[in-house]
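Asks: Each residue of the sequence shown is one higher than the one before, counting from 27 in my numbering.
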Amino acid sequence: MSCQLWVNYSHSLFTTSSIHYMKYEHIKQSAYEANMQLPKLGLVLFTFGNVSAADRNLGVFAIKPSGVPYEELTPDKMVIVDFDANIVQGSLRPSSDTKTHAVLYKQWEKIGGIVHTHSTYATAWAQAQRDIPIFGTTHADHTTADIPCAPPMQDEMIKGDYEFETGFQIINCFHERALSYEEVEMILVGNHAPFTWGKTPEKAVYNSAVLETVAQMAYLTEQIRNDAPRLKDALIKKHYERKHGPDSYYGQT
Ligand SMILES: [Zn+2]
Numbered sequence: 027m028s029c030q031l032w033v034n035y036s037h038s039l040f041t042t043s044s045i046h047y048m049k050y051e052h053i054k055q056s057a058y059e060a061n062m063q064l065p066k067l068g069l070v071l072f073t074f075g076n077v078s079a080a081d082r083n084l085g086v087f088a089i090k091p092s093g094v095p096y097e098e099l100t101p102d103k104m105v106i107v108d109f110d111a112n113i114v115q116g117s118l119r120p121s122s123d124t125k126t127h128a129v130l131y132k133q134w135e136k137i138g139g140i141v142h143t144h145s146t147y148a149t150a151w152a153q154a155q156r157d158i159p160i161f162g163t164t165h166a167d168h169t170t171a172d173i174p175c176a177p178p179m180q181d182e183m184i185k186g187d188y189e190f191e192t193g194f195q196i197i198n199c200f201h202e203r204a205l206s207y208e209e210v211e212m213i214l215v216g217n218h219a220p221f222t223w224g225k226t227p228e229k230a231v232y233n234s235a236v237l238e239t240v241a242q243m244a245y246l247t248e249q250i251r252n253d254a255p256r257l258k259d260a261l262i263k264k265h266y267e268r269k270h271g272p273d274s275y276y277g278q279t
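1) To the nearest angstrom, how far is it from the Cα of residue 107 to the Cα of residue 98?
2) State whether the region 139-151 contacts the region 241-254, with contact taken as three or more CB pairs (one from each stretch) at a distance under 8 Å.
3) Can you tell me whether residue 272 is buried or exposed? The criterion is at least 16 other CB atoms within 10 Å of its CB, across all chains shown.
4) Around the Cβ of residue 263, are there at least 16 other Cβ atoms within 10 angstroms (buried) or fewer (exposed)?
5) Could you give the DSSP three-state label for residue 262: helix, strand or coil?
6) Tell me which same chain residues have a C-beta within less than 6 Å of the C-beta of residue 128, skipping the five on either side of it?
7) How many Å lie between residue 55 and residue 101 at the Cα?
8) For residue 225 and chain D, any beta-carbon pair shorter than 8 Å?
9) Would the beta-carbon of residue 241 be found less than 7 Å away from any heavy atom of ligand 1?
10) Please name the residue or residues paired with residue 78 in a DSSP beta bridge.
11) Assuming the contact rule is C-beta atoms closer than 8 Å, residue 159 and residue 216 should be a hit. Round their C-beta distance to whole Å, please.
12) Can you tell me where the alpha helix (DSSP H) with residue 8 in it begins and where it stops?
13) Tell me whether the beta-carbon of residue 156 lies closer than 8 Å to the beta-carbon of residue 174.
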């Protein structure tokens with residue numbers, strides 16, 4: 027009898043831990059696949075960069091471990107973290123930018139994926155502490171605002187919890203400029219590099235690649251003509267309306 031009880035008990039333990047393990051598989055797989063896109067798209071060198079994938083119902087996200095080369099990544103190596111940056115599952119240390127991801131997920135409830143890279147052109151604009159002006163329709167097809175560059179972090183914030191404060195540096199910039207994180211899914215962090223996000227990790231990676239291209243185009247535009255005008259208001263309005271207006275058709279073809 028006691029033996030039977032023990033068998034039942036151990037069986038239920040096994041089942042519970044399997045379910046616990048399995049319930050994060052989808053975000054580990056999704057984070058893994060999104061991370062592997064970064065070197066393919068030429069957005070990262072060595073171990074730079076990280077992507078996370080959130081499950082809003084479970085209140086957690088999967089993120090790349092710190093310092094593991096891309097060719098050695100596997101879905102199992104992803105670390106599961108909650109929106110307060112506590113590790114929920116995983117044997118490796120999560121990315122050093124984990125607290126920044128956690129702040130953004132906690133503050134912005136509709137995002138499901140975040141990307142951080144040090145891609146060359148976007149990072150160059152961040153280092154120059156400049157917004158990327160909206161020069162053309164490629165930019166306007168994705169956002170009709172200049173891509174914001176958050177001012178460099180204040181000394182008290184640097185001395186505090188740096189990665190956590192980077193999250194607030196981003197949130198504060200959007201708040202001060204009255205920007206919507208659903209309209210503008212990217213930012214340059216002054217003297218640092220870009221962060222992008224989206225409803226899914228795939229969209230966040232897409233935004234990261236778009237940002238790098240727009241940053242390169244804007245740089246070249248200023249090389250060719252240093253007083254190049256911004257896209258005129260009529261075209262900005264046209265691009266905004268075709269995406270958001272009552273007769274919106276952008277993305278349907
Ligand atoms: Zn960084």
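All C-beta atoms, glycine included, are put in the ideal place defined by N, C-alpha and C. In this text, all values refer to a predicted model and were calculated from it rather than measured experimentally.
Replies: By the coordinates alone:
1) Approximately 21 Å between the Cα atoms of the pair.
2) yes
3) Answer is exposed; the Cβ neighbour count stays below 16.
4) Here residue 263 is exposed. Its C-beta has fewer than 16 other C-beta atoms within 10 Å.
5) Correct three-state label for residue 262: helix.
6) 109 and 111
7) Between the alpha carbons of residue 55 and residue 101 lies a distance of about 5 Å.
8) The displayed structure is made up of one protein chain only, and chain D is not part of it.
9) Residue 241: no, Cβ never under 7 Å from ligand 1.
10) The partner list for residue 78 (beta bridge, DSSP) reads 89 and 140.
11) Actually they are not in contact, since the Cβ atoms of residue 159 and residue 216 sit about 16 Å apart, beyond 8 Å.
12) With the chain represented from 27 up to 279, any question about residue 8 goes unanswered, as that position is not in the structure.
13) no
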